[in-house]
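Chemist: Below is the structure I would like to discuss, written out as structure tokens.
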Amino acid sequence: MVFVQSRIQGVKFRIYTYIMKFGLPLLIPFIVSMVKGEKTFALQYLCFLLIVAVLVSVWLMLFNSGKSKIVEYSLELNSDGIHLTEFGKTKSVLWNDYAGYSVGGLPKTVSIKTPLNGELEFGYFVFSQGQRNRIFEALKFKEL
0 MVFVQSRIQG VKFRIYTYIM KFGLPLLIPF IVSMVKGEKT FALQYLCFLL
50 IVAVLVSVWL MLFNSGKSKI VEYSLELNSD GIHLTEFGKT KSVLWNDYAG
100 YSVGGLPKTV SIKTPLNGEL EFGYFVFSQG QRNRIFEALK FKEL
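Quick note: the sequence shown, position 82, residue 81 per numbering that gives the first Met the number 0, numbers continuous.
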């Protein structure tokens with residue numbers, strides 16, 4: 000089974016990730032500025048995060064295309080194991096080394112565990128809800 004991130008899912012993932020990584024740490028200053036009545040800083044920063052996420056996505060749509068297109072995110076579950084590709088670089092976990100998975104953290108991630116404390120991680124929202132459900136079903140099946 001091969002799961003490939005769609006363009007629209009890539010935009011959603013980037014917006015979520017940017018807000019969680021860059022917006023969440025500034026939540027307290029954001030709230031303080033809102034209480035003080037300085038709404039412009041808070042709104043400007045939020046708009047900045049959204050604009051950056053959209054610009055990166057548009058840049059990828061324009062320049063990551065054609066014959067030289069690099070797969071942004073894909074996950075392959077085959078008879079050998081789990082193969083995660085992020086922007087052309089592939090990391091793998093063989094089924095013999097597979098020790099389950101977990102979901103958690105901020106931003107939310109999926110961790111594929113191995114007995115040697117190694118992990119293969121990817122963002123929870125990298126793939127669509129339907130793809131995630133199928134991935135988790137396949138991973139649960141392999142745990143048995």
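Yeah, the Cβ is synthetic: ideal placement off N, Cα and C, and Gly gets one too.
Please classify Val-31: is it buried, with 16 or more other beta-carbons within 10 angstroms of its beta-carbon, or exposed?
Modeler: The residue labelled residue 31 in the question sits at position 32 within the sequence shown. Exposed is the call here.
Chemist: Per DSSP, which one or two residues make a beta bridge with Leu-83?
Modeler: The sequence position of residue 83 within the sequence shown is 84, counting from 1. Leu-74 and Lys-90, per the DSSP bridge assignment.
Chemist: Can Val-1 and Ser-73 be called in contact, C-beta distance under 9 Å?
Modeler: Position 2 of the sequence shown, counting from 1, holds the residue named residue 1. Position 74 of the sequence shown, counting from 1, holds the residue named residue 73. In contact: Val-1 and Ser-73 (Cβ atoms closer than 9 Å).
Chemist: I'd like to know whether the C-beta atoms of Ser-56 and Arg-6 end up nearer to each other than 9 Å.
Modeler: As a position in the sequence shown, residue 56 is number 57, starting the count at 1. As a position in the sequence shown, residue 6 is number 7, starting the count at 1. In this structure, Arg-6 lies closer than 9 Å to Ser-56 by Cβ.
Chemist: Let me make sure I understand the geometry here. Which of Ala-98, Gly-22, Glu-120 and Lys-35 has the alpha-carbon closest to that of Thr-108?
Modeler: The residue you call residue 108 lines up with position 109 of the sequence shown. Considering only alpha carbons, the answer is Glu-120.
Chemist: Where does Gln-128 land, buried or exposed, given buried means 16+ other C-beta within 10 angstroms?
Modeler: Sequence index remark: in the sequence shown, residue 128 carries index 129 (1-based). Its Cβ having fewer than 16 others within 10 Å, Gln-128 is exposed.
Chemist: Name the residue from Glu-71, Gly-36 and Gln-43 whose alpha carbon lies nearest to the alpha carbon of Gly-122.
Modeler: Here residue 122 refers to the residue found at position 123 of the sequence shown. Residue Glu-71 is the option with its Cα nearest to Gly-122.
Chemist: Output the distance between the C-alpha atoms of Leu-115 and His-82, rounded to the nearest integer angstrom.
Modeler: Position 116 of the sequence shown, counted from the start, is the residue given in the question as residue 115. Position 83 of the sequence shown, counted from the start, is the residue given in the question as residue 82. In a straight line, the C-alpha of Leu-115 is about 18 Å away from that of His-82.
Chemist: With DSSP as the reference, please indicate the residues paired to Phe-2 in a beta bridge.
Modeler: Sequence index remark: in the sequence shown, residue 2 carries index 3 (1-based). According to DSSP, which records beta bridges pairwise, Phe-2 is partnered with Leu-74.
Chemist: Have a look at Leu-143 and Ser-101 and give me their C-alpha separation to the nearest angstrom.
Modeler: On the sequence shown, residue 143 is found 144 positions in, with the first residue counted as 1. On the sequence shown, residue 101 is found 102 positions in, with the first residue counted as 1. Low confidence applies to Leu-143: its pLDDT is 44, below 50, so where it sits in the model is not reliable, and the reading given next is rough at best. Straight across, the Cα-Cα distance linking Leu-143 with Ser-101 is about 15 Å.
Chemist: Comparing C-alpha positions only, which one of Thr-89, Gly-80 and Tyr-17 sits nearest to Asn-95?
Modeler: As a first step, residue 95 is located in the sequence shown; it is residue number 96 there, counting from the start. Per the Cα distances, Gly-80.
Chemist: If you measure between the beta carbons of Leu-93 and Met-19, is that distance less than 9 Å?
Modeler: Numbered from its first residue, the sequence shown carries residue 93 at position 94. Numbered from its first residue, the sequence shown carries residue 19 at position 20. Against a cut-off of 9 Å, the Cβ pair of Met-19 and Leu-93 comes out as no contact.
Chemist: How about Phe-86 and Ile-111: are their beta carbons less than 9 Å apart?
Modeler: The residue you call residue 86 lines up with position 87 of the sequence shown. The residue you call residue 111 lines up with position 112 of the sequence shown. Going by C-beta atoms, Phe-86 is not nearer than 9 Å to Ile-111.
Chemist: What does Val-125 pair with, by DSSP beta-bridge criteria?
Modeler: Working through the sequence shown from its first residue, we reach residue 125 at position 126. Note: Val-125 sits in no beta bridge, so no partner.
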